[in-house]
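Peer 1:
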Ligand SMILES: [Zn+2]
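Have a look at this one:
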């Protein structure tokens, strides 16, 4: 399984607003179902505040959910309320 981000490493256009303002952040992330993933690395647009998870972030979320015993199918509902 690869861990390389599909988003690459350069400046990233935001899929929501198109601004090159995507930054990688690492902080606690509250998911819609109330699960808090601590110190999750993910991407956020500093312009419109949209939050995105790349493959490594999804892996981290899945790993954390398994650790705390949440069923994998809840991943289908993944959206974030990260601020
Ligand atoms: Zn944006």
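Numbering (this note's numbering), first residue to last: 5 to 87. Ideal placement from N, C-alpha and C gives every residue a C-beta, glycine not left out.
1. According to DSSP, is residue 32 part of a helix, a strand, or is it coil?
2. My output table needs one value for residue 5: the three-state DSSP class, helix, strand or coil.
3. Determine the closest residue to residue 23 out of 41, 31, 52 and 44, with distance taken between C-alpha atoms.
4. Under 8 Å Cβ to Cβ from residue 20, same chain only, skipping five residues before and after it: list those, please.
5. How about residue 41 and residue 65: do their beta carbons lie closer than 8 Å?
6. Mind checking whether the beta-carbon of residue 33 lies closer than 7 Å to any heavy atom of ligand 1?
7. Closest by CA to residue 31, which one among 61, 18, 72 and 70?
8. Would residue 26 be called buried (16 or more neighbouring beta carbons within 10 Å of its own) or exposed?
Peer 2: Result, derived from the coordinates:
1. strand
2. Since pLDDT at residue 5 reaches only 46, below the 50 mark, its modelled position is unreliable, and no value is offered.
3. 52
4. 49, 52 and 54
5. Taking 8 Å as the Cβ cut-off, residue 41 and residue 65 qualify as a contacting pair.
6. no
7. 61
8. Buried: at least 16 other Cβ atoms inside 10 Å.
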